[in-house]
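**Student:**
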Amino acid sequence: MTLSSFGQTFYISLFGAHFRHDFGLTDGGLGAVYAIATLGSAFSLTVIGRWIDHTTVRRYALCVAALLSCACLLLAASHYLPLLFVGLYCLRLGGQGLMVHTSLTTTARTFPIDRGKALGITTLGLPLGEATLPLLAVATMESIGWRATWVIGALVVLSGSLAALRFLPTSIADSRARDAFPDGDKSDSLSLWRDRRLLLTMPCILASPFISTGFFFHQARLVEEKHWSLQFVAACFVGYALARAVSLLTIGPVIDRVGARRMLPYFLVPQGLAMITLAFVTNPIGAPIYLIATGVSSGIAATMATALWVEMYGPHQLARVRSSVEAANVVASGAAPIVMGQLIDLGMPLATQAGACLLGVALVSWLSRRAAAYAVPAVSSEHSTSGSA
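Quick note, the working numbering runs 32 ahead of the 1-based positions in the sequence shown.
Written out as structure tokens, the structure is:
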């Protein structure tokens, strides 16, 4: 999960100034290129994500690692805008898309009993990357340049993936989903999006990545509006990573005990607190409150979502559901910078947008409560592989 950071917005945005300078892009131009690449990767994910059902985990993970590593090299070698676009597309697809998808899907299928706890431990890789990689990337850029930094990133992705697969038990690495679930789902993604349960649930799931990515992407503008210190806000991101890590560790056993569906309408409460803080607080103390609250909601969402799909659809349909949902997640996180940026250009400050997001959080949480009114198919333990966290 940590290696997926090379395809995440928080890492790629560190190179924004270099992209704009070397490719002659404005802020809006770079945002448009990034958004189109993100949307393209999301649509690709709906198809490629299901291939994990038809091959071994080891082979699929190696292909994903190779894609992400090649994307890093492509960015390092790009001197023309089309190459930059292809590199960003592959980064988004391989990093935030397929690497996260592979990790969470495999974990959820392998640990049917303590699924929430296992997902929480697995997802700890995300805050680890958020807490360490930005500082390392900035230091490396200052020493050897931004292109060489991406070359090092490619080596880290490939060597790290090979090392991780070496320690993966053979029973997991060489397993096939079709062997474990021979009667697995054969329907298409379009039929999934006609399911009313999913339509009522998805807005709540997508609210967290949309809100957090949008405000992170425009954090420089936020600092200007609030008259905060950029260095102080950057330091507060450690609090975000720690809050996310703690919530990842603690929420798993809670999910195993009470169920993800029962938690769904309430997990955005910390996100609502973060939006209240941005809307009304101008004192610098608002920065750590906002980031810590956002980290709590993000940590809960990272663990809860995969457990929720297993509860709703069963493990035999997990790859189909997760690939489609993760694609929507990528779309939401890719659209947020453009939407918020356009609103800023129209004269709406981020504090006002935070108030609008607060109303949105309340609405989608209410919608998610209605999803519980619809029948959920029973998840049979016979379709689960054995294991525990």
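Where a beta carbon is used, it is the ideal one built from N, C-alpha and C, also for glycine.
Near residue 79, what residues of its chain come up, given a Cβ to Cβ distance below 7 Å and the 5 sequence neighbours on each side ignored?
**Tutor:** Sequence index remark: in the sequence shown, residue 79 carries index 47 (1-based). Excluding sequence neighbours, residue 79 sits near nothing in its chain.
**Student:** According to DSSP, is residue 58 part of a helix, a strand, or is it coil?
**Tutor:** Stepping through the sequence shown from its first residue, residue 58 is reached at position 26. Coil.
**Student:** Please name the residue in 34, 50, 240 whose C-alpha comes closest to that of residue 128.
**Tutor:** Counted from its first residue, the sequence shown places residue 128 at position 96. The shortest C-alpha separation from residue 128 is found at 34.
**Student:** Residue 282 bridges to which residues according to DSSP?
**Tutor:** Counting from one through the sequence shown, the residue named residue 282 turns up at place 250. Note: residue 282 sits in no beta bridge, so no partner.
**Student:** Could you tell me the alpha carbon to alpha carbon distance between residue 212 and residue 343, rounded to whole angstroms?
**Tutor:** If you number the sequence shown from 1, residue 212 lands on position 180. If you number the sequence shown from 1, residue 343 lands on position 311. With a pLDDT of 47 at residue 212, under the threshold of 50, the modelled position of this residue cannot be trusted, and the question is left open.
**Student:** For residue 334, which residues from the same chain have a beta carbon less than 6 Å from its beta carbon, with the 5 sequence-adjacent residues on both sides left out?
**Tutor:** The residue labelled residue 334 in the question sits at position 302 within the sequence shown. Taken in chain order, the residues that qualify are 155.
**Student:** Whose C-alpha, out of 390, 152, 87, is nearest the C-alpha of residue 300?
**Tutor:** Reading the sequence shown from its first residue, position 268 is the one you call residue 300. Per the Cα distances, 390.
**Student:** Does DSSP classify residue 154 as helix, strand or coil?
**Tutor:** Translated into positions along the sequence shown, residue 154 becomes position 122. Helix at residue 154.
**Student:** Assuming residue 186 and residue 105 make a contact with CB atoms under 8 Å, what is their CB distance in whole Å?
**Tutor:** Counted from its first residue, the sequence shown places residue 186 at position 154. Counted from its first residue, the sequence shown places residue 105 at position 73. The Cβ separation is near 5 Å, so the contact holds.
**Student:** Exposed or buried, which one is residue 133 when buried takes at least 16 other CB atoms within 10 Å?
**Tutor:** For this step, residue 133 is matched to residue 101 along the sequence shown. The residue in question, residue 133, is buried, as its Cβ has 16 or more Cβ neighbours within 10 Å.
**Student:** Based on the DSSP secondary-structure assignment, which residues constitute the bridge partners of residue 309?
**Tutor:** Along the sequence shown, read from residue 1 onward, the residue named residue 309 stands at position 277. DSSP output for residue 309 lists no bridge partner at all.
**Student:** Which whole-angstrom value describes the C-beta separation of residue 149 and residue 288, a residue pair presumed to lie in contact below a C-beta threshold of 8 Å?
**Tutor:** By 1-based counting over the sequence shown, the position of residue 149 is 117. By 1-based counting over the sequence shown, the position of residue 288 is 256. Yes, residue 149 and residue 288 are in contact; Cβ-Cβ is about 6 Å, under 8 Å.
**Student:** So, does the CB of residue 265 fall closer than 8 Å to a CB anywhere in chain C?
**Tutor:** Looking at the structure shown, chain C is missing, and only one protein chain is on hand.
**Student:** Ignore the nearest five residues each way along the sequence and tell me which others in residue 165's own chain have a CB closer than 7 Å to its CB.
**Tutor:** Here residue 165 is taken as the residue at index 133 of the sequence shown, counted from 1. Closer than 7 Å at Cβ, skipping near neighbours: 37, 43.
**Student:** Going by DSSP in three states, residue 212 sits in which element: helix, strand or coil?
**Tutor:** As a first step, residue 212 is located in the sequence shown; it is residue number 180 there, counting from the start. Bear in mind that a pLDDT of 47 at residue 212, under 50, signals an unreliable position, so the model cannot answer this.
**Student:** How many angstroms separate the CA atom of residue 319 from the CA atom of residue 235?
**Tutor:** Working through the sequence shown from its first residue, we reach residue 319 at position 287. Working through the sequence shown from its first residue, we reach residue 235 at position 203. Rounded to whole angstroms, residue 319 to residue 235 spans 26 Å at the Cα level.
**Student:** Counting only the same chain and skipping the five closest in sequence on each side, list residues whose C-beta sits under 6 Å from that of residue 250.
**Tutor:** As a working note, residue 250 is residue 218 in the sequence shown. Here the set comprises 372.
**Student:** Spatial neighbours of residue 388 within its chain, please: CB distance less than 8 Å, with the 5 preceding and 5 following residues excluded, ordered by chain position.
**Tutor:** Start at 1 with the first residue of the sequence shown, and residue 388 comes out as number 356. None.
**Student:** Quick check on this structure: which residue in 265, 297, 367 has the alpha carbon closest to the alpha carbon of residue 340?
**Tutor:** Taking the first residue of the sequence shown as 1, we reach residue 340 at position 308. Looking at the Cα atoms, 297 is the closest of the given residues.
**Student:** Roughly how many angstroms lie between the CA atoms of residue 283 and residue 152, to the nearest whole one?
**Tutor:** For the purposes of this step, residue 283 is taken as residue 251 along the sequence shown, with counting starting at 1. For the purposes of this step, residue 152 is taken as residue 120 along the sequence shown, with counting starting at 1. Distance between the alpha carbons of residue 283 and residue 152 is about 7 Å.
**Student:** Using CA atoms only, rank isn't needed, just tell me which of 86, 116, 126 is closest to residue 96.
**Tutor:** Here the question's residue 96 lines up with position 64 in the sequence shown. Among 86, 116, 126, the Cα nearest to that of residue 96 is on 126.
**Student:** To which residues of the same chain is residue 322 closer than 6 Å at the C-beta, ignoring the five residues directly before and after it?
**Tutor:** For this step, residue 322 is matched to residue 290 along the sequence shown. Contacts found: 306, 309, 310.
**Student:** With a CB to CB cut of under 6 Å and the five nearest residues on each side skipped, what residues in its chain are close to residue 178?
**Tutor:** For the purposes of this step, residue 178 is taken as the residue at position 146 of the sequence shown. The answer, listed in chain order, is 47, 50.
**Student:** Would you call the segment 254–272 in contact with the segment 346–364, where contact means no fewer than 3 C-beta pairs closer than 8 Å?
**Tutor:** Touching, no.
**Student:** Smallest Cα separation from residue 355: which of 385, 293, 82, 290?
**Tutor:** Position 323 of the sequence shown, counted from the first residue, corresponds to residue 355. Per the Cα distances, 82.
**Student:** For a quick check, are the C-beta atoms of residue 90 and residue 230 less than 8 Å apart?
**Tutor:** Taking the sequence shown and counting its residues from 1, the one referred to as residue 90 is at position 58. Taking the sequence shown and counting its residues from 1, the one referred to as residue 230 is at position 198. Not in contact: residue 90 and residue 230 (Cβ atoms no closer than 8 Å).
**Student:** Is the Cβ-Cβ distance between residue 270 and residue 163 less than 8 Å?
**Tutor:** Taking the first residue of the sequence shown as position 1, residue 270 is located at position 238. Taking the first residue of the sequence shown as position 1, residue 163 is located at position 131. Contact: yes.
**Student:** Give the straight-line distance between the Cα atoms of residue 238 and residue 55, rounded to the nearest whole angstrom.
**Tutor:** As a first step, residue 238 must be located in the sequence shown, where it is residue number 206. As a first step, residue 55 must be located in the sequence shown, where it is residue number 23. So the alpha carbons of these two residues sit roughly 32 Å apart.
**Student:** Taking the alpha-carbon positions, what's the residue 68 to residue 248 distance?
**Tutor:** Taking the first residue of the sequence shown as position 1, residue 68 is located at position 36. Taking the first residue of the sequence shown as position 1, residue 248 is located at position 216. Rounded to the nearest angstrom, the two C-alpha atoms are 19 Å apart.
**Student:** Hey, out of 135, 303, 74, whose CA is closest to residue 393's CA?
**Tutor:** The residue given as residue 393 occupies position 361 in the sequence shown. Out of 135, 303, 74, 303 has the C-alpha closest to the C-alpha of residue 393.
**Student:** The alpha helix (DSSP H) spanning residue 354 covers which residue range?
**Tutor:** Your numbering for residue 354 matches position 322 in the sequence shown. Element bounds for residue 354: 350–377.
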